[in-house]
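One structure is given here, and the rest of the page talks about it.
Residue numbers (my numbering), protein chains in the order written: chain F, -10 to 102; chain H, 188 to 302.
Here you go:
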């Protein structure tokens, strides 16, 4: 079946440095790619998303890039801050089916002071 | 306040004892889903619903049932729980953002332990 692979599973960066999380999806029909942030003990929350007709999207310190040919998409966080410490999940779905969604296994990001 | 609620938040039960986890949203969203979250496996979709009386299986539906008789409610039913269903469960509802995807709102989670 369809799957989404996410790497790395854990990531530790110095405060102020950049962090990059990468995902690969298998379903060629996927055309919508959201990213969720889950702080310890809390629920996942959408932080940014991208559709397949767009190659890059940016929102302040976070950005997502998509390579549809290679079926790769990545999350970039610049100037990392302590509050960026969390688990990040990528996901892939078909826009026409807003409910069926496959998540990656998550990346635990730690920001070192 | 717009929200997704789940009850109970914590539940310890025994193998084979039927249970229901309720989920309710007050945002008039059409789409609702159930997920389970296990360490190292991320979020796996159990069932989803596109509207009242319209449901479909996600990736891990075995051992679970759902119903969508009203738009706001989407209960998850475990007819005969087993220890491998011990997990953290999230309900979510979503709406389509015009021209730009959709946004999913998650409930607070239900931690279920089956002994």
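Every residue, glycine too, gets a C-beta built ideally from N, C-alpha and C.
Predicted model only: the values in this text are computed from it and were never measured.
Residue 225 of chain H and residue 274 of chain H have their C-alpha atoms spaced approximately 6 Å apart.
In this structure, DSSP gives residue 4 of chain F a state outside helix and strand, which the three-state scheme calls coil. For the pair of segments examined, the stretch 90 to 100 of chain F was found not to touch the stretch 195 to 206 of chain H: the number of CB pairs separated by less than 8 Å stays below three. When C-alpha distances from residue 95 of chain F are compared across F/29, F/89, F/68, the shortest belongs to F/29. For the pair of segments examined, the stretch 20 to 34 of chain F was found to touch the stretch 282 to 297 of chain H: the number of CB pairs separated by less than 8 Å reaches three. Three or more Cβ pairs drawn from the stretch 212 to 221 of chain H and the stretch 244 to 261 of chain H lie within less than 8 Å of each other, which places the two stretches in contact. Between residue 90 of chain F and chain H, the shortest Cβ-Cβ separation is below 8 Å. Cα atoms of residue 80 of chain F and residue -10 of chain F: separation of roughly 15 Å, rounded to the nearest angstrom.
The beta carbon of residue 15 of chain F sits closer than 6 Å to those of -9, -8, all from its chain and outside the five residues before and after it, given in chain order.
Interface with chain H (8 Å Cβ-Cβ cutoff): residue 95 of chain F is included. Chain order gives the chain H residues near residue 32 of chain F as 191, 277, 279, 292, 293, 294, 295, 296, where near means a beta carbon separation below 9 Å. In terms of beta-carbon proximity, residue 23 of chain F lines the interface with chain H, with at least one pair separated by less than 8 Å. CA-to-CA, the gap between residue 209 of chain H and residue 195 of chain H works out to about 7 Å.
Of all alpha-carbon atoms in H/253, H/190, H/301, the one lying nearest the alpha-carbon of residue 232 of chain H is that of H/253.
Nearest in C-alpha terms to residue 68 of chain F, of all of F/-4, F/-1, F/3, F/-2, is F/3. Scanning H/228, H/239, H/256 for the CA closest to the CA of residue 91 of chain F turns up H/228.
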